[in-house]
Amino acid sequence: MAKVIGLNSGSSFDGIDVVLVEINNGPDGYPARPKFIKGKSYDWPKAVGDIVLKAFENKISLFEFNRLNYLAGAVYAESARAFMQETGLKPGDVEVIGYDGQTVYQEPPVHDRLPEYADGKDLVSRWLGGPYACGLQIGEPSIVAAACDTPVVTHFRPMDHALGGTGAPLMQYLDYVAFRDIGPILTLNIGGIANCQLAHPDRSKMMAFDTGPGNVMIDHVMRVRYNQAYDTNGERARSGKVDEKLMAKLKDHDFFKRPVPRSAWRLDFGSSYADAFMEEFDHLSSEDMLATVTEFAAYAITRSITDNVKTLNEISTIMASGGGTRNAYLMDRLAAYMPTGLRLTVSDEFGIPAAFKEAIKFAVLAHATVNQLANNIPAASGASGFAILGKLVQPPCLAKV
Ligand SMILES: Nc1ncnc2c1ncn2[C@@H]1O[C@H](COP(=O)(O)OP(=O)(O)O)[C@@H](O)[C@H]1O
Ligand SMILES: [Mg+2]
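The numbering of the sequence shown is our numbering, which starts it at 598 and goes up by one.
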């Protein structure tokens, strides 16, 4: 049995979630469903958060960006160290700490152009104007390894990118590990961006794709119109009315035209996009604006599923997770949109607390990395083969002197 720590800071940028899980391997040698022990969230210090928000919009210099990578690493390190101290964990108790880093930018692959580069003769052209995916995560892991004296695995996406995969979303590995005994089942994580996975006992039948906005536009409207972080339980949206003109404009987003596996990033539905339609529709009341973007999140999730999951009739459960599950109005609208025969539930029912599923995912991915177990799902990400995702940083205590 291994004790593993996972950290996550997602596209909502609402804090750093830290979890401790216990992982046993199943009879097939792969990790079994992880046992959740404890989870806690830590805030980004405001001074650091402000710089990250600027980085999201490409509004800091390369020199500031360099420093930000270390700053973010220090924030992860303080969260992990505080969690270990509060939990009574010492270096050596924890097999590994896993986190991806804060994504500040992500470019998806252009799938229909990938075959031109498949022979691998010209690697440079894959990225020099080529179709391969790339992304950037910040939060220097050396600072975490030094502060916690524990191995740290980060940056899970680049190896999938190197194999032509999307590298995002990454939830499919946890879903395979946790639900291969009960699949096929759909999972849905509603963070800033929402993603959906088809978890299947046969990895070659799995799928993963972003569905579009989860909370990102709801949070943005709340920040601009109310100076608040989110619409608590969806109460403001519930009191508003959907504006059909704005809804039609949102439904026309190019995102829906991209084939799966596909990923969305903040630039697709981020503050520049939201500011533009908020200006065009500034005659709408705040409640109506919120009702509309909340309705659109439910619509985008459902449309992405019905457009892309061809075997929906074989699936009876969709298991939701992420902070969006706490928006009761969003969950009501989602249930109203769900195709008949698909039961909407939350992952807590299966022992995975909804708010911490993303952090648990990074714990399981890192456990696989240090045990050299394949932790990508090629069928879901579009990668050309199995691989070990994640980069390992060794702690000072392992130095042989
Ligand atoms: N009580 C609540 N009511 C409504 N929305 C909530 C509530 N709690 C959390 N959320 C939403 O969940 C988001 C955080 O979700 P999370 O899963 O952490 O996303 P990410 O992975 O993108 O960081 C918040 O930004 C907010 O929109
Ligand atoms: Mg979060």
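In this text, a Cβ means the ideal position worked out from N, Cα and C, and glycines have one as well. If you're wondering where the values come from, they're calculated on a predicted model, not measured in any experiment.
CB-CB length for residue i against residue j, believed under 8 Å
i: valine 890; j: methionine 814; result: 4 Å
i: isoleucine 912; j: leucine 939; result: 7 Å
i: serine 1006; j: asparagine 786; result: Examination of residue 1006 is not possible in this model, given that the chain is present from 598 through 998 alone.
Enclosing alpha helix (DSSP H) for residue i [first to last residue]
i: lysine 643; result: 643-653
i: arginine 940; result: Premise fails: arginine 940 lies in the beta strand (DSSP E), 940-943, not in any alpha helix (DSSP H).
i: aspartate 885; result: 883-905
i: serine 676; result: 659-684
i: leucine 783; result: Premise fails: leucine 783 lies in the beta strand (DSSP E), 782-787, not in any alpha helix (DSSP H).
i: arginine 630; result: Element bounds for arginine 630: n/a, residue is neither H nor E.
i: valine 721; result: 721-724
Limits of the beta strand (DSSP E) - the one that residue i falls within
i: tyrosine 702; result: 699-704
i: isoleucine 602; result: 599-605
i: valine 749; result: 749-751
i: valine 615; result: 613-620
Whether residue i touches residue j by CB criterion (8 Å)
i: proline 858; j: alanine 805; result: yes
i: glycine 999; j: glutamate 955; result: Not covered by the structure: residue 999. The range shown for the chain is 598 to 998.
i: threonine 808; j: isoleucine 902; result: yes
i: tyrosine 827; j: aspartate 840; result: no
i: threonine 922; j: valine 943; result: yes
i: valine 649; j: alanine 669; result: yes
i: lysine 838; j: aspartate 885; result: yes
i: alanine 765; j: arginine 630; result: no
i: alanine 925; j: glycine 831; result: yes
Whole-angstrom distance between residue j and residue i, CA atom to CA atom
i: glutamine 969; j: isoleucine 985; result: 6 Å
i: arginine 835; j: leucine 760; result: 44 Å
i: arginine 822; j: serine 860; result: 28 Å
i: leucine 674; j: valine 741; result: Note that residue 674 corresponds to alanine in the displayed sequence, not to leucine. Near 4 Å, if we compare the C-alpha coordinates of valine 741 and alanine 674.
i: tyrosine 934; j: arginine 900; result: 9 Å
Residue i in three-state terms, based on DSSP
i: phenylalanine 806; result: strand
i: tyrosine 729; result: coil
i: glutamine 734; result: strand
i: tyrosine 639; result: strand
i: valine 857; result: coil
i: valine 821; result: helix
i: glutamine 794; result: strand
i: glycine 695; result: strand
i: alanine 765; result: coil
i: serine 918; result: strand
i: asparagine 830; result: helix
i: lysine 954; result: helix
i: valine 813; result: helix
i: valine 774; result: helix
i: leucine 878; result: One detail in the question is off: residue 878 reads as phenylalanine in this sequence, not leucine. Coil at phenylalanine 878, not helix or strand.
i: phenylalanine 983; result: coil
i: leucine 989; result: strand
i: aspartate 840; result: coil
Residues with a Cβ closer than 5 Å to any heavy atom of ligand 3, in chain order?
Annotation note on ligand 3: not contained in the displayed structure, which lists ligand 1 and ligand 2 as its ligands.
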